[in-house]
Amino acid sequence: MRGDVIFNTSLNSNDMQEVLEELRRQEYTLATQHSVLLRYVQSRPPVATLGGPTASVRLLHERYVQATREKEKQLKANATLRRMHSQHLTFHKKLAAASVAQERERKSERDEQGRSQEEPRQEPESSSNSPASLKMKPVTADACYEVIRAAYAEVCSFRTSRDLYTSNAEVLGWTHRYRLEGEKLQYCICKFFPGRTVQEISDRGWAVMTKESSYKALHSRGMTSNLHDIQTVNEDNRVFCRELQRPGQNAIMKTLLLMSRFETEDGLMTIYRALDHEKFRFTGVVSPKNEGKRTSRVPEPRVVWLDMFAWTSFESRSDGSGVDFHFGGEMKHFSADNAKFWMMEVLLMALRWESRTMGPLVTLHS
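Start counting the sequence shown at 0; every next residue gets the next number (numbering that gives the first Met the number 0).
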């Protein structure tokens, strides 16, 4: 959807500022009442009675306790809103920077495509990555269907679970749900696209995810990502080797990845599931671009085979108004820092995916 899009969050910057100002006024009023009440109690002479404090003293004490509790409550709410406001501003700064970087990457891609059209046509690099040349066991259609059945059952279990945490926050129309299952963090982010069809969005998404250049562009600039085409089982089942490397880490995460798309009762779904690389005797892909780097003194990164599971679903609303899109998956929860990094990366990937399949999210004005 092209054109300007207004940031749609649960609390925009102006609303947050108004709430903060109102809380400050309430805090000042409560502090004033608290001081007056204290002075009044302190100025009252002590009353000695056989039956304990009088009713008026008890009433004042109750009011004092209530005022103190209310003050503490408002102080906590104030601190929470300040933190939310700070996170909100930080996120939008990152989003603006990502948008500028993405436009720069797109321009670079267009320039590269223009140069490639002028040069003689060459065979794609992926032609040397066939199962036969890699000496791996080919993936059959039956093996794909077996993976799909198990993965689809996991998706249904997650979506019908009652112990999901649902965030009320909304970022550019995206909401998210998640749960911790042992060492795994399961997540799902969702958005409604009005005036679109299931087939349209599914086809565009498939084209983005199965093309190396567009897949690389979904990740942050600091992230090293490669997608090697290994095998086309049929038009709906393809096998890739995905490679990821975080900035500053001397480890490269590899996955023998199956991408499958199929129909469900509610629409269309795409599964991204790691295959057992040992079962298929797959050891990896040696990129021609990296062969010359072996002579350098930089140590080779260690290889970590990463289990990966993600999925997307496209479901039409009953009134035909548009499509509900869900992007979910699971990842190992190594640490709070690791989970925080990947949850931010997942959200940014969704925003970049939307930009490439649906059009620009925002237009930045000077």
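Every residue, glycine too, gets a C-beta built ideally from N, C-alpha and C.
- Could you name the residues of the same chain whose beta carbon sits closer than 7 Å to that of Met-208, not counting the 5 residues immediately before and after it, in chain order? Position 209 of the sequence shown, counted from the start, is the residue given in the question as residue 208. Tyr-214 and Met-258.
- Item | Ranges of the alpha helix (DSSP H) found wholly within the stretch 138-200, counting only runs of at least 4 | Those alpha helix (DSSP H) runs which fall completely within the stretch 138-200 and span 4+ residues are 140-158.
- Alpha carbon to alpha carbon, what distance is there between Glu-264 and Ile-435? Residue 435 lies beyond the range of the chain shown here (0 to 365); nothing can be said about it.
- Select from Arg-272, Gly-221 and Asp-235 the residue whose C-alpha is nearest the C-alpha of Arg-241. Counted from its first residue, the sequence shown places residue 241 at position 242. Measuring from the Cα of Arg-241, the nearest candidate turns out to be Arg-272.
- Phe-313, buried or exposed, once every other Cβ within 10 Å from all chains shown has been counted against 16: Numbered from 1 along the sequence shown, position 314 holds the residue referred to as residue 313. Classification of Phe-313: buried, given that the 10 Å Cβ count is 16 or more.
- Check whether the Cβ atoms of Ile-302 and Gly-283 sit closer than 9 Å, and answer yes or no. On the sequence shown, position 303 is the one that residue 302 refers to. On the sequence shown, position 284 is the one that residue 283 refers to. Reading off the sequence shown, one finds Val at residue 302, where the question assumed Ile. Their beta carbons are under 9 Å apart, which means Val-302 touches Gly-283 by this criterion.
- Query: By a C-beta neighbour count over all protein chains shown, 10 Å radius and 16 as the cutoff for buried, is Ala-78 buried or exposed?
  - Reply: Sequence index remark: in the sequence shown, residue 78 carries index 79 (1-based). Exposed, because fewer than 16 other Cβ atoms sit within 10 Å of the Cβ of Ala-78.
- Spatial distance of Cys-143 from Asn-236 (CA atoms): Counting from 1 along the sequence shown, the entry for residue 143 is found at position 144. Counting from 1 along the sequence shown, the entry for residue 236 is found at position 237. Near 7 Å, if we compare the C-alpha coordinates of Asn-236 and Cys-143.
- Grab me the residues of Leu-267's own chain with a C-beta within less than 6 Å of its C-beta, minus the 5 sequence neighbours each way, in chain order. As a working note, residue 267 is residue 268 in the sequence shown. Correct list, in chain order: Val-197, Ser-201 and Phe-313.
- List the whole-angstrom C-beta distance separating Arg-351 from Leu-217, where the pair is believed to meet the contact cut-off of C-beta under 8 Å. Walking along the sequence shown from the start, residue 351 turns up at place 352. Walking along the sequence shown from the start, residue 217 turns up at place 218. Taking the Cβ atoms as the reference, Arg-351 lies roughly 5 Å from Leu-217, within the contact range of under 8 Å.
- Enclosing alpha helix (DSSP H) for Glu-211 [first to last residue]: Your numbering for residue 211 matches position 212 in the sequence shown. Per DSSP, Glu-211 is one residue of the alpha helix (DSSP H) stretching across 211-215.
- Throw me the rounded Cβ distance for the Thr-254 and Met-307 pair, which I believe falls under 8 Å. Your numbering for residue 254 matches position 255 in the sequence shown. Your numbering for residue 307 matches position 308 in the sequence shown. That belief holds up - the Cβ atoms of Thr-254 and Met-307 are roughly 5 Å apart, short of 8 Å.
- Message: Could you tell me the alpha carbon to alpha carbon distance between Lys-278 and Ile-229, rounded to whole angstroms?
- Response: In the sequence shown, the residue the question calls residue 278 occupies position 279. In the sequence shown, the residue the question calls residue 229 occupies position 230. Their Cα atoms are separated by approximately 15 Å.
- Proximity of Pro-300 and Gln-248 at Cβ, strictly below 9 Å: For the purposes of this step, residue 300 is taken as residue 301 along the sequence shown, with counting starting at 1. For the purposes of this step, residue 248 is taken as residue 249 along the sequence shown, with counting starting at 1. Yes. Within cutoff.
- For the beta strand (DSSP E) containing Arg-316, list its first residue and its last residue. Your numbering for residue 316 matches position 317 in the sequence shown. Arg-316 -> no beta strand (DSSP E), and no H or E assigned at all.
- CA-to-CA distance, Cys-189 to His-325, given in whole angstroms: As a position in the sequence shown, residue 325 is number 326, starting the count at 1. As a position in the sequence shown, residue 189 is number 190, starting the count at 1. Looking at the two C-alpha atoms, the distance is approximately 4 Å.
- Query: Ends of the beta strand (DSSP E) at Phe-324?
  - Reply: In the sequence shown, counting from the first residue as 1, residue 324 sits at position 325. According to the DSSP assignment, Phe-324 belongs to the beta strand (DSSP E) that extends over 321-331.
- Task: Find the nearest neighbour of Glu-211 within the set Gly-204, His-227 and Arg-220, judged by alpha-carbon distance.
- Result: As a first step, residue 211 is located in the sequence shown; it is residue number 212 there, counting from the start. The candidate whose alpha carbon is nearest that of Glu-211 is His-227.
- Task: Check whether the Cβ atoms of Ala-66 and His-33 sit closer than 9 Å, and answer yes or no.
- Result: Mapped onto the sequence shown, residue 66 falls at position 67. Mapped onto the sequence shown, residue 33 falls at position 34. Ala-66 is a Cβ neighbour of His-33, given a cutoff of 9 Å.
- Looking at C-alpha atoms only, which residue of Met-348, Met-252 and Ser-132 is the closest neighbour of Ser-219? Against the sequence shown, residue 219 aligns to sequence position 220. Cα-wise, what sits closest to Ser-219 is Met-348.
- In the stretch 255-288, which residue ranges form an unbroken beta strand (DSSP E) of at least 3 residues, counting only runs that do not cross its ends? Restricting attention to beta strand (DSSP E) runs no shorter than 3 residues, the stretch 255-288 encloses them at 266-273, ordered along the chain.
- Message: In this structure, how does DSSP classify Met-208 when only helix, strand and coil are distinguished?
- Response: Taking the first residue of the sequence shown as 1, we reach residue 208 at position 209. Residue state, collapsed to three classes: helix.
- Query: Which stretch, first to last residue, makes up the beta strand (DSSP E) that contains Arg-301?
  - Reply: Position 302 of the sequence shown, counted from the start, is the residue given in the question as residue 301. Taken as a continuous stretch (DSSP letters only), the beta strand (DSSP E) holding Arg-301 covers 301-304.
- Name the DSSP bridge partner or partners of Thr-356? In the sequence shown, counting from the first residue as 1, residue 356 sits at position 357. As computed with DSSP, Thr-356 is found in no beta bridge at all.
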